[in-house]
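S.K.: Its first residue numbered 0, the sequence shown is counted upward by one per residue in numbering that gives the first Met the number 0.
Backbone N, C-alpha and C fix where the C-beta goes; we use that ideal spot for every residue, glycine too.
First the structure, which I've put down as structure tokens, then a few questions once you've had a look.
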Amino acid sequence: MSKLETIPPEPEADGYTPHIRTEIRNGIGWMVFANPKRRNAMTYTMWRQVPAALDDLAADDSVRVVALRGEGTESFISGADISEFATRRSTPEQVAEYDRVGTEANAAIVAFPKPTVAVARTWCVGGGVATALGCDLRICSADTRFAVPAARLGLGYRYSGIKALVDVVGPANAREIFFTARKYSAEEALSMGLINRILPVEDFDAAAEAYLSDIAGNAPLTMNAAKLAIRAVTQDPGQRDIDAINAAVQACFDSEDYIEGRAAFAEKRAPVFRGR
């Protein structure tokens with residue numbers, strides 16, 4: 000049994016079941032947020048499912064990169080599912096529990112050992128932005144809109160959530176995003192560094208798959224070492240594990256992939272990396 004299967008979704012009265020599922024194809028692991036009736040808003044149970052789904056993808060050696068996306072074409076994640084706040088997020092105890100599972104979900108994304116890419120279309124709002132910020136890279140369709148409407152709902156964001164945004168867009172942009180609570184176009188998001196690349200709406204799926212395939216074809220050990228080092232740059236000095244980074248770099252030079260990369264370069268062919 001996979002870890003995700005140990006946290007079953009909770010069907011609603013009409014049988015509708017928001018959930019997270021995983022898919023694997025061509026070296027790409029997909030984590031899909033499936034709540035299309037509410038534009039893929041995240042339920043409490045969906046937040047709980049995130050670490051389990053990631054554990055399953057981390058354990059599969061065929062997965063070289065993980066892409067996070069929403070079900071369908073209308074939204075990446077439209078935020079938290081407000082429809083359940085009255086029963087899940089109204090008392091102090093419920094608020095603390097909801098924050099705990101949300102924090103654990105985002106921490107699992109940040110700590111994931113393989114490259115992660117948020118693949119957003121149409122809407123990316125609130126918790127969707129927070130989830131995307133936990134990924135290494137963010138790409139979106141040209142018609143995507145971004146917003147953090149916390150100030151319109153009276154919600155508070157803790158230090159970890161604010162820091163994640165400031166690390167990506169800087170303090171000035173973070174202030175504007177929170178103080179105005181307005182919607183931003185894909186072009187505006189690109190200009191402030193919130194996303195890495197805009198893809199055309201018409202060929203979005205193919206373009207996104209090509210982008211991910213480029214990553215999946217690269218040397219896993221090299222990407223792991225780079226990910227550790229880049230993450231350390233944004234950490235407080237006391238959190239940086241330089242020994243782990245150095246060990247990851249040495250593993251690259253000791254690997255079969257290093258031999259394969261040099262041979263492929265000399266032979267003018269594409270390398271076939273195996274992550275060892």
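(1) So, does the region 110-117 touch the region 166-177, judging by three or more C-beta pairs under 8 angstroms?
(2) Can you look up G28 in the DSSP assignment and give me helix, strand or coil?
(3) How big is the Cα-Cα spacing for K267 and R20?
(4) Going by C-alpha to C-alpha distance, which of G260, F264, A265 sits closest to R273?
(5) Would you grab the beta carbon distance between A33 and N25 for me? Rounded to a whole angstrom, and I think it's under 8 angstroms.
(6) Secondary structure at R70, three-state DSSP: helix, strand or coil?
(7) Which parts of the region 67-134 are runs of the beta strand (DSSP E), unbroken and 3 residues or longer, counting only runs that do not cross its ends?
(8) Can you tell me the Cα-Cα spacing of R275 and A225, whole angstroms?
(9) Between the region 140-148 and the region 232-249, are three or more C-beta pairs nearer than 8 angstroms?
(10) Contact between the region 215-230 and the region 148-162: three or more CB pairs below 8 angstroms?
(11) Quick one: give me the first and last residue of the beta strand (DSSP E) that L198 is part of.
(12) The beta strand (DSSP E) spanning A149 covers which residue range?
(13) Can you tell which of T16, I194, Q93 has its C-alpha closest to the C-alpha of M45?
(14) Taking 7 angstroms as the cut-off, is the CB of T72 close to at least one heavy atom of the ligand ZN?
(15) Measuring CB atoms only, is the region 72-87 touching the region 120-136, in the sense that at least three cross pairs come out at less than 8 angstroms?
(16) Going by C-alpha to C-alpha distance, which of E255, P7, W29, C123 sits closest to Q48?
(17) For M0, count the other beta carbons within 10 Å of its own beta carbon; 16 or more makes it buried, fewer makes it exposed. Which is it?
(18) Pick out the complete alpha helix (DSSP H) segments inside the region 150-182, 4 residues or longer, and give them in chain order.
(19) For a quick check, are the C-beta atoms of A149 and F178 less than 8 angstroms apart?
(20) Short of 8 angstroms in beta carbon distance, which residues of its chain neighbour D256, apart from the five on each side in sequence? Order them along the chain.
(21) Any idea if E83 is buried or exposed, counting beta-carbon neighbours within 10 angstroms, 16 or more meaning buried?
(22) So which of A95, E208, L164 has the shortest CA-CA distance to L193?
(23) Using 8 angstroms as the threshold, is the C-beta distance between V100 and Y43 below it?
(24) If you drop the 5 nearest sequence neighbours on each side, which residues of the same chain put their C-beta closer than 7 angstroms to that of C134?
(25) Per DSSP, what are the beta-bridge partners of F145 in this structure?
(26) Look up T44 in the DSSP assignment and say whether it is helix, strand or coil.
(27) With I244 as the anchor, note down where its alpha helix (DSSP H) starts and where it stops.
(28) Is the separation between the beta-carbon of I197 and that of C251 shorter than 8 angstroms?
M.R.: So, from the listed chains and residues:
(1) A contact is defined here as three or more CB-CB pairs under 8 angstroms, and the region 110-117 fails this definition with respect to the region 166-177.
(2) strand
(3) Cα to Cα, the separation comes out at about 39 angstroms.
(4) G260
(5) No, A33 and N25 are not in contact; Cβ-Cβ is about 21 angstroms, not under 8 angstroms.
(6) A quick correction: the sequence has Glu, not Arg, at residue 70. Note: E70 maps to coil in three-state DSSP.
(7) 115-119, 122-124
(8) Approximately 16 angstroms between the Cα atoms of the pair.
(9) no
(10) Proximity of the region 215-230 to the region 148-162 falls short of the contact definition, fewer than three beta-carbon pairs being nearer than 8 angstroms.
(11) 196-198
(12) Segment 149-152 is the alpha helix (DSSP H) holding A149; no beta strand (DSSP E) there.
(13) T16
(14) Here there are no bound small molecules, and the ligand ZN is not part of this structure.
(15) yes
(16) P7
(17) exposed
(18) 158-168, 170-179
(19) Contact flag unset, no.
(20) A218, P219, L220, T221, P270, F272, R273, G274, R275
(21) buried
(22) L164
(23) yes
(24) Here the set comprises L67, I108, T115, V116, A117.
(25) C123, Y183
(26) Note: T44 maps to helix in three-state DSSP.
(27) 241-252
(28) no
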